[in-house]
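Numbering (this note's numbering), first residue to last: 1224 to 1357.
Backbone N, C-alpha and C define an ideal beta-carbon position, used for all residues, glycine too.
Notes for the one structure printed next.
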Amino acid sequence: MLSQLLIAMLMAAPVPVQDRGEAGQDMPKRVRSVLLYGDEQCPKAASPDEVVVCAKGGDSPYRIPKEFRDQPEEGPGGQAWTNRVETVEEVNRVGLPNSCSPVGTGGQTGCTRQWLRQWAQERLDQKAKAARVP
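Have a look at this one:
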């Protein structure tokens, strides 16, 4: 019984880590990663303590990827004239007077005009609705 207990204690005791010796010397001191474009060659290691890892980056760092090349261009023919006019008016309306925007001159008057126009339209709608009821 005592011998079994002694064996169990020895097996459970922590064991010191052994020295790696020469195995620790094999690790490189410098690792260099290089992206290659086109016909570039992988550079050689400058010293035995250096590892060079090369990866292909495609034809050129400035070239458009294939999935984005030769896409049909949506020109003016693909958009209605009224849509283009509305877009231009909307973009240019911001800085104009009476535009109801936080920028530009007279933005506050434009908001007031817009609210009054909306209120008047709501009143007209209510009168028209009341006139339809028999």
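Looking at the unbroken beta strand (DSSP E) that takes in residue i, where does it start and where does it end?
i            : result
residue 1255 : 1253-1259
residue 1309 : No beta strand (DSSP E) holds residue 1309; the alpha helix (DSSP H) holding it covers 1304-1315.
residue 1278 : 1273-1279
Measuring only the C-alpha atoms, how far is residue i from residue j?
i            : j            : result
residue 1333 : residue 1319 : 9 Å
residue 1313 : residue 1303 : 16 Å
residue 1305 : residue 1292 : 30 Å
residue 1281 : residue 1260 : 5 Å
residue 1274 : residue 1268 : 6 Å
residue 1235 : residue 1227 : 12 Å
residue 1287 : residue 1294 : 11 Å
residue 1354 : residue 1297 : 49 Å
Requested in this report: Flag this pair as touching only if the region 1249-1258 and the region 1227-1237 have three or more C-beta atom pairs under 8 Å; answer yes or no.
Outcome: The region 1249-1258 is not in contact with the region 1227-1237.
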